[in-house]
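Residue numbers (my numbering): 41 to 368.
If you want it as structure tokens, here you go:
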């Protein structure tokens, strides 16, 4: 997982550097992401585990390859393609770990059954040995002597078989314990992969760009704030790091942060909340390296919805903060 995070950081760095320099650099950034996808597709151990996610990554890469116009928007599409590729890779790794887990748990159960069977065989041999020893005290001494002689031979064979069975049972038990440890490791890896997928998916959902007459708008969803609150939630600052990466691709442009709410509640209270949220985002962006002289914040209240306020889905879209990279 650490390697995956390092790889994502490297790709993002190349995207930012490429957008800040000449066209060949941009092409190099796109080529880097394309190589990531090709490497995943050629990985015979992973490629077959997440075909749908892999298809989405291919479509995202095509969108980036066909992009024209604004450099920031092109960089954004390259970034989105990279995220889709990382999601596909992580999904494939999770499916692989879950398959390994199933196999190990099956092996573990088989080893326990084998150990039980070997122990049962050993117990049966011990019982037979005891029965034969009892036979030596029977009234038929001659037959007892014959059976005793046979019993001694059988006892020697049984002792050796019992010894082997005990060794095999112990080996089976140790192997079962080893499989259980491997299964636990695979389970942890699968859980970590699921968490990584959730994180990458949230990043895609909460970072959306669109071109407007004013400039490029980065829309942040309402997950940055708890309901009715103006302070960033825990983890909200890390979500803004990717916004900063995009904003720094064009450091000469001014930035306006706009807070928006849905139409529920008092309009004046909504306006104040939108102002406070915009200011919180401004302060976070400045603390992350955006020059303070580039950026202003304003509250828009409920007056500029981008969806209907008649249902929860629409209201959720309207509760947002827009970070606008101004054209003038």
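Don't be surprised by glycine CBs; every beta carbon is placed ideally from N, CA and C.
Quick caveat, the model's predicted, so the values are computed rather than measured.
| query | result |
| --- | --- |
| First and last residue of the beta strand (DSSP E) that includes residue 362? | 360-366 |
| I'd like the ranges of any alpha helix (DSSP H) spanning at least 4 consecutive residues and lying wholly in the segment 312-361. | 352-358 |
| Sorted by chain position, which residues of the same chain lie with C-beta nearer than 6 Å to residue 96's C-beta, five sequence neighbours on each side aside? | 124 |
| Taking 8 Å as the cut-off, does the segment 298-311 touch the segment 322-332 (at least 3 CB pairs, one atom from each stretch)? | no |
| Determine the DSSP secondary structure at residue 261, reduced to helix, strand or coil. | coil |
| With a CB to CB cut of under 8 Å and the five nearest residues on each side skipped, what residues in its chain are close to residue 273? | 263, 264, 265, 266 |
| Would you call residue 134 buried or exposed, if buried means 16 or more other Cβ atoms sit within 10 Å of its Cβ? | buried |
| Since residue 255 contacts residue 365 with CB under 8 Å, what's their CB separation in whole angstroms? | 5 Å |
| Are the beta-carbon atoms belonging to residue 121 and residue 94 less than 7 Å from one another? | no |
| So residue 296 and residue 336 are in contact, right, with Cβ under 8 Å, and what is the actual spacing, rounded? | 5 Å |
| Whole angstroms are fine: how far does the CA of residue 143 sit from the CA of residue 363? | 49 Å |
| Between 108, 83, 111, 355, which lies nearest to residue 136 when the distance is taken from Cα to Cα? | 83 |
| If residue 314 sits next to residue 299, beta carbons under 8 Å apart, how far is it from one beta carbon to the other, in whole angstroms? | 3 Å |
| Just list the residues that DSSP pairs residue 249 with in beta bridges. | 258 |
| Using only the alpha-carbon positions, how far apart do residue 141 and residue 76 sit? | 27 Å |
| Looking at C-alpha atoms only, which residue of 334, 317, 252 is the closest neighbour of residue 341? | 317 |
| Could you check if residue 331 is buried or exposed, using at least 16 other CB atoms within 10 Å of its CB as the buried criterion? | exposed |
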